[in-house]
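Here's the structure we're looking at; comments come further down.
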Amino acid sequence: MKTIVITGSTRGIGLGLAREFLKRGCNVMLSGRNKDTLDSALEALGSEFGSGCMFGTTCDVAVYESVQALWDAAAAKFGAIDIWINNAGVNTASVPLWELPARDISAVVSTNLTGTLFGCKVALQCMLRQGSGQIYLFEGHGSDDRKVEGLALYGATKRAVRYLCESLQLDVQGKPVQIGAISPGIVLTDLILNQLKAAPKEKREKNIKIFNILADTVETVTPWLAEQVLANTRPAARIAWLTPSKVMGRFLTAGFKKRNLFKDMSFE
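According to this note's numbering, the stretch in the sequence shown is residues 489 to 756, in order.
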């Protein structure tokens with residue numbers, strides 16, 4: 489039975505992964521900044537799986553001591569930690585950098601980049617001491633160096649995360665800890681839905697057309713991701729859902745495979 493810690497696991501992909509790992513018999517440590525949201529997630533999962541295989545604590549990944557406390561709480565509850573997943577991430581409205589408040593810029597950098605750095609530092613220190621472990625970093629738009637208007641801030645943090653991941657993979661060569669990347673593709677979480685709500689109607693409609701071709705729901709993506717993470721034994725693995733061949737296939741079949749992921753949603 490593996491023990492897994494997931495940052496930012498009270499909603500979205502993080503919560504979806506927690507559910508899938510629990511389905512597969514793992515111990516899971518949940519975390520999030522908001523206690524009410526954390527309690528709701530624990531209650532929902534507890535009703536499905538019981539409380540013995542899960543635990544949770546509030547954690548602000550932008551605060552080093554909070555990240556260390558997350559590890560300590562998980563280790564006290566479950567013992568050795570097999571997998572640490574740096575999932576916590578935030579975004580802003582899709583607007584040019586100069587239109588963003590300074591506090592929003594700080595929040596995105598602190599969570600997406602500093603939080604991932606802190607998560608890797610804590611997990612690496614502790615896994616090296618325990619003699620084993622796997623750490624995963626979450627990629628996102630910008631990780632592959634593609635640029636999109638209005639996503640300079642978010643994309644810069646995710647590009648940095650890929651550099652961090654590849655650099656750490658070099659640093660841990662010959663050591664008993666593996667560093668990997670998870671690329672979930674385009675997943676309909678609050679990050680995307682809030683961006684769509686804030687976008688002008690014309691831009692929103694254009695994005696919805698693309699998302700209906702390329703995006704997927706949490707319930708579609710997370711079972712596959714969980715299976716791949718649990719099965720992986722390779723160092724420097726990159727677990728990618730939306731591969732270039734899958735993108736090509738989606739566009740080639742878009743004309744006769746109509747998808748409407750937003751049919752029950754209102755953006756007005």
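Every residue gets a Cβ at the ideal spot worked out from N, C-alpha and C, and that includes glycine.
Owing to the predicted nature of the structure, the values given are computational and were not obtained by experimental measurement.
Assign Ser671 to one of two classes, buried (16 or more other C-beta atoms within 10 Å of its C-beta) or exposed (fewer than that). Here the question's residue 671 lines up with position 183 in the sequence shown. Residue burial annotation: Ser671 is buried, with at least 16 other C-beta atoms found within 10 angstroms of its C-beta.
Look at the alpha carbon of Asn515 and the alpha carbon of Leu616, and state the distance between them as a whole number of angstroms. If you number the sequence shown from 1, residue 515 lands on position 27. If you number the sequence shown from 1, residue 616 lands on position 128. Approximately 20 Å between the Cα atoms of the pair.
Measuring only between beta-carbons, confirm whether Arg521 sits less than 8 Å from chain B. Of the protein chains in this structure there is only one, and it is not chain B.
How would you call Met517, buried or exposed, if buried means at least 16 neighbouring beta carbons within 10 angstroms? Numbered from its first residue, the sequence shown carries residue 517 at position 29. That one is buried.
Are the beta-carbon atoms of Ala644 and Thr602 separated by less than 8 Å? The residue labelled residue 644 in the question sits at position 156 within the sequence shown. The residue labelled residue 602 in the question sits at position 114 within the sequence shown. Result no, Cβ atoms of Ala644 and Thr602 do not sit closer than 8 Å.
If distances are taken between C-alpha atoms only, which option among Gly577, Gln556, Gly540 and Glu536 comes closest to Gly500? Here residue 500 is taken as the residue at index 12 of the sequence shown, counted from 1. The shortest Cα separation from Gly500 among Gly577, Gln556, Gly540 and Glu536 belongs to Gly577.
Quick check: Phe739 and Ile701, are their CB atoms within less than 8 Å of each other? As a working note, residue 739 is residue 251 in the sequence shown. As a working note, residue 701 is residue 213 in the sequence shown. Yes. Within cutoff.
Quick check: Cys608 and Leu530, are their CB atoms within less than 8 Å of each other? Position 120 of the sequence shown holds residue 608. Position 42 of the sequence shown holds residue 530. In this structure, the beta-carbon distance from Cys608 to Leu530 does not fall below 8 Å.
Less than 8 Å between C-beta atoms, sequence neighbours within five positions excluded: which residues of the same chain meet that for Leu526? Along the sequence shown, read from residue 1 onward, the residue named residue 526 stands at position 38. In the same chain as Leu526, and ignoring 5 residues on each side of it, the C-beta atoms closer than 8 Å to its own belong to Thr498, Leu518, Ser519, Gly520, Gly544, Thr545 and Thr546, in chain order.
Hey, out of Asn575, Val555 and Ser598, whose CA is closest to Cys614's CA? For the purposes of this step, residue 614 is taken as the residue at position 126 of the sequence shown. It is Val555.
By alpha-carbon positions, which one of Leu510, Glu693 and Phe699 ends up nearest to Gly534? Counted from its first residue, the sequence shown places residue 534 at position 46. Taking only the C-alpha atoms, the option nearest Gly534 is Leu510.
Determine, using beta carbons only, whether Ala568 and Thr495 come nearer to each other than 8 Å. To locate residue 568, count along the sequence shown from 1; it is residue 80. To locate residue 495, count along the sequence shown from 1; it is residue 7. No; because the gap between Cβ atoms is not below 8 Å, this pair is not in contact.
Would you call the region 634-643 and the region 582-589 in contact, with 3 or more CB pairs under 8 Å? Yes, the region 634-643 touches the region 582-589.
Sort Met489, Glu654, Phe537 and Ala564 by Cα distance to Arg507 and report the nearest one. One-based indexing of the sequence shown puts residue 507 at position 19. Per the Cα distances, Phe537.
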